[in-house]
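K.L.:
Take a look at the following structure, please.
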Amino acid sequence: MTEAGRYKQAYARWQADPEAFWAEAAQAIEWISPPQRIFDASQGAYGRWFPDATCNTCFNALDRHVRDGRSEQPALIHDSPVTGTKAVYTYAQMLDEVSALAAVLQDLGVGKGDRVVLYMPMIPEAAFAMLACARIGAVHSVVFGGFAAKELATRIEDAAPKVILAATCGIEPSRVVEYKPLLDTAIDLSSHKPQACLILQRPQVEASMHATRDKNWRMLVAAAKANGRKADCVAVAATDPLYILYTSGTTGRPKGVVRDNGGHMVVLKWTMDNLYGVKPGEVIITASDVGWVVGHSYIVYAPLLQGATSVLYEGKPVGTPDAGAFWRLIAEHKAVVLFTAPTAFRAIRKEDPQASLLPAYDLSHFRALFLAGERADPDTLVWAQDILKVPVIDHWWQTETGSCIVGNPIGLELLPVKPGSPTVPMPGYDVQCVDEGGRPVPAGTMGAIVIKLPLPPCALPTLWQADERFVESYLAAYPGFYNTSDAGFIDADGYVFIMGRTDDIINVAGHRLSTGGMEEVLASHPAVAECAVVGVRDAVKGEQPCGFVVLKSGITQSPDAIERELVALIREKIGPVAAFRLALTVGRLPKTRSGKILRATMKKIADGEDYAMPATIEDASVLDEIGVAVRGRGLG
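Sequence positions in the sequence shown follow my numbering and run 100 to 735.
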């Protein structure tokens, strides 16, 4: 088959016979009992994939590669500029670590179906722990290391873990975050108490241990190894949960996204070949965190299912030590693909707008940059493309889907890039754009982005112990469809444009306007490093747009002059209908630790409303700065 048209043929094959498509993809996985039925529409809210199969995810990620000749190949590289350490684990070494840790978990009473909460920084033991749970059929739930005690408590209460695995601290460029006091407080707050906590003492913080509950991770793993204790892989149903990953709920109660074992493996393996184009033995760097879905899917599971090498990076895009951190990583580890958030590249561009640090590194083997987690504004995407001279691919997915909904499948063929669009739907996704009544809208018209049911094998089948909430949250608004809660449009070529959450479509004097479209215009100004637009209350128009902008380093022009230029730019590019009169220069934007800008919180500050401190915020002091800025303009 020629390169051109491979995407269309793959998508058409899926459309014609989804079951045959996923049955073929499933052959790349080693099953304990292969699926005889591919899909059962009668199970669950919209059906279940591979309902009669059994498997083990850890076996597919480690054991089979060791058996098949990859034992000495690096599986995981830990690169930690914040501690000045590096470590390489081969597939054989990783299997030894995981099977010993799995035996320790069994000795602590953890069995098939039990939940285990992980509260870990970006260290190899976090990946070992995830795979050890998968090995014995336990269900892991990774909570961001350093997450607030109250938020950790709600997750402990919901998941009811038998055991919690935690390290004593996480390390930021400017501080050490002690985890143990946060964990102890969370357990005190939670009505559910774990039977044991396995604590990894890091050299930077030696934490005191609870007399009966806390166990020393290193001592127990060392004892298991000394005694030859290794846990075997446990057979689980393909429909059994591999993990629960909590995402913020609108009610303040977190939603536990459930991920199947079988469908998860099938889709992730397919994406490594066809979307990312990363071959067995090649190196992928995913600069995320294991607390986020991207870390689950593309730091740990997908690279190992593929027999590739994954880099676990404990550092930042800037400041560890400088804005050349990613270039060093790519060059040193000979990575073919880097996957990170657009905000990381905005930070790099802010610090080093001319990319002056790049020429010092050899990136000749580097093939593509993938961006996800938040919309990649065209200006940042084009800048990255210009400096790196490789395809820069924005792709769109959600915690709930576990992998890409809309992307550019370079493993099949590189489709023409349209800056501002993550490109086209992947097989498994019938993406449509509808109005508030659920009716399809014409090409190029803004609407709600929905996905026709059933969802593909990797997507969530339900929420943890909340089937009704799952239906209410995702399926009730548009019967027969999954509601993404994202807004945008689909152009005449079938390219999808995600312009923001449905709440980010603002109504200015009856005109529905996209804040994402305005951000695109603001970001095109040569002085702007990053920006966010929110709708603030207006007595006459209902809402008016307010733009918050962070300037690039070294800009000599006055903020007032730049703000006036930005107002004129929106008027020129979008028109007077946008009623854009407010541009505010700020030092930083408030973000989650995954790099998403907290627009809803900014809106509440600008409207003078009370707001709850977002659990995932990276630096809460930024909100005070935003408050000062909006009050200076008579808002809030």
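All C-beta atoms, glycine included, are put in the ideal place defined by N, C-alpha and C.
Since the structure is predicted, the reported quantities are computational estimates derived from the model, not experimental observations.
(1) Please go through the same chain and pick out, in chain order, the residues whose beta-carbon is closer than 8 Å to the beta-carbon of MET100, but skip the five residues on each side of it.
(2) Which residue from ALA337, GLY355 and ILE384 puts its Cα closest to that of HIS363?
(3) Looking only at C-alpha atoms, which of ALA233, VAL436 and SER290 sits nearest to LEU251?
(4) Specify, as a first and last residue, the run of the alpha helix (DSSP H) that ASP372 falls within.
(5) Take VAL399 as the anchor and find which of THR544, VAL197, PRO416 and PHE425 has the nearest alpha-carbon.
(6) Does the distance from the C-beta atom of ARG732 to that of LEU681 stay below 8 Å?
(7) Between THR498 and VAL203, what straight-line distance do the alpha-carbon atoms span, to the nearest angstrom?
(8) Considering only the beta carbon of each residue, do CYS532 and ILE589 sit closer than 8 Å?
(9) In the DSSP assignment, find the unbroken alpha helix (DSSP H) run with ARG466 in it and report its ends.
(10) Enumerate, from N- to C-terminal direction, the unbroken beta strand (DSSP E) stretches of 3 or more residues contained entirely within the region 365 to 426.
(11) Only counting the same chain, and skipping five residues up and downstream in sequence, which positions put a Cβ closer than 7 Å to that of SER132?
(12) Spell out the partners DSSP gives TRP496 in its beta bridges.
(13) Whole-angstrom Cβ separation of LEU552 and TYR145, contact assumed at under 8 Å?
(14) Please classify TRP148: does DSSP put it in a helix, a strand, or coil?
(15) Leaving out the 5 sequence neighbours to the left and right, which residues in its chain are closer than 6 Å to TRP369 when beta-carbon positions are compared?
(16) Ignore the nearest five residues each way along the sequence and tell me which others in ASP461's own chain have a CB closer than 7 Å to its CB.
(17) So, under 8 Å CB-CB, MET701 and ALA631 are touching, yes? Tell me the CB distance rounded to an integer number of Å.
(18) So what does DSSP say about MET100, is it helix, strand or coil?
(19) Compute the Euclidean distance between the alpha carbons of ARG445 and ASP451, then round it to the nearest angstrom.
(20) Hey, out of LEU341, VAL436, GLN453 and ALA558, whose CA is closest to GLY376's CA?
(21) Taking only the alpha-carbon atoms, compute the straight-line gap between ALA259 and PRO272 and give it to the nearest angstrom.
(22) Look at the alpha carbon of PRO180 and the alpha carbon of PHE425, and state the distance between them as a whole number of angstroms.
(23) Taking one C-beta from the region 683 to 695 and one from the region 710 to 730 each time, how about it: are there three or more such pairs within less than 8 Å?
(24) State buried or exposed for VAL721, treating a residue as buried only when at least 16 other CB atoms are found within 10 Å of its CB.
(25) Evaluate MET193 with the Cβ neighbour count: other Cβ atoms within 10 Å of its Cβ, from every protein chain shown; 16 or more gives buried, anything less gives exposed.
(26) According to DSSP, is VAL540 part of a helix, a strand, or is it coil?
(27) For the candidate residues PRO560, LEU200, ALA422 and PRO420, whose alpha-carbon lies nearest to that of ALA325?
(28) On the DSSP bridge assignment, give the partners of CYS232 in chain order.
(29) Is the beta carbon of ARG214 sitting closer than 8 Å to the one on LYS261?
(30) Hey, how far is the Cα of SER652 from the Cα of GLU535?
(31) Can you have a look at GLN205 and say buried or exposed, based on whether 16 or more other CB atoms are within 10 angstroms of its CB?
(32) Just list the beta strand (DSSP E) runs in the region 593 to 677, keeping only unbroken ones of 3 residues or longer that don't cross its boundaries, in chain order.
(33) Quickly, what does DSSP pair TYR345 with across the bridge? List them, please.
(34) Of the residues HIS309, GLY236, ILE263 and ILE509, which one's Cα is nearest the Cα of ASP339?
(35) Give me the Cα-Cα distance between LYS488 and LEU428, rounded to the nearest whole angstrom.
(36) Alpha helix (DSSP H) containing PRO173: first to last residue?
P.N.:
Based on what the coordinates show:
(1) With a pLDDT of 43 at MET100, under the threshold of 50, the modelled position of this residue cannot be trusted; read the value that follows with caution. Only GLN108 meet the Cβ criterion.
(2) Nearest Cα to HIS363 within the set ALA337, GLY355 and ILE384: ALA337.
(3) Residue SER290 is the option with its Cα nearest to LEU251.
(4) Where ASP372 is concerned, the enclosing alpha helix (DSSP H) stretches over 361 to 373.
(5) If we check each option's Cα against that of VAL399, VAL197 comes out closest.
(6) Yes, the pair counts as a contact, with Cβ atoms nearer than the cut-off.
(7) Each residue's Cα considered, the two are about 30 Å apart.
(8) In this structure, CYS532 lies near ILE589, with their beta-carbon atoms less than 8 Å apart.
(9) Unbroken run through ARG466: none, as it is neither H nor E.
(10) Here the runs fully enclosed are 382 to 385 and 408 to 412.
(11) The answer, listed in chain order, is ALA152 and THR153.
(12) Bridge pairing for TRP496: CYS503 [DSSP].
(13) Confirmed, about 4 Å.
(14) Of the three classes helix, strand and coil, the one that applies to TRP148 here is strand, per DSSP.
(15) Taken in chain order, the residues that qualify are ALA124.
(16) Answer for ASP461: ALA430, listed in chain order.
(17) Cβ atoms of MET701 and ALA631 come within 8 Å of each other, at about 6 Å.
(18) Because the pLDDT of MET100 is 43, which lies under 50, any placement of that residue in the model is unreliable, and the number read from its coordinates should be weighed accordingly. Annotated three-state conformation of MET100 is coil, per DSSP.
(19) The straight-line gap from Cα to Cα measures roughly 10 Å.
(20) When C-alpha distances from GLY376 are compared across LEU341, VAL436, GLN453 and ALA558, the shortest belongs to VAL436.
(21) Between the alpha carbons of ALA259 and PRO272 lies a gap of roughly 33 Å.
(22) Cα to Cα, PRO180 sits roughly 11 Å from PHE425.
(23) Flag = yes, the region 683 to 695 and the region 710 to 730 touch.
(24) The residue in question, VAL721, is buried, as its Cβ has 16 or more Cβ neighbours within 10 Å.
(25) By the 16-neighbour rule on beta-carbons within 10 angstroms, MET193 is buried.
(26) Judged by DSSP in its simplified three-state form, VAL540 adopts coil rather than helix or strand.
(27) Ranking the options by Cα distance to ALA325, first place goes to LEU200.
(28) Secondary-structure assignment with DSSP links CYS232 through no beta bridge to anything.
(29) With a cutoff of 8 Å on beta-carbon distance, ARG214 and LYS261 are scored as near each other.
(30) Rounded to the nearest angstrom, the two C-alpha atoms are 43 Å apart.
(31) By the neighbour-count rule (16 or more Cβ atoms within 10 Å), GLN205 is buried.
(32) Considered as a whole, the region 593 to 677 harbours 595 to 600, 604 to 607, 610 to 613, 627 to 637 and 641 to 650 as its complete beta strand (DSSP E) runs of no fewer than 3 residues, in chain order.
(33) Its beta-bridge partners are GLY355.
(34) Closest by alpha carbon: GLY236.
(35) Their Cα atoms are separated by approximately 17 Å.
(36) For PRO173, there is no enclosing alpha helix (DSSP H); the enclosing beta strand (DSSP E) covers residues 173 to 179.
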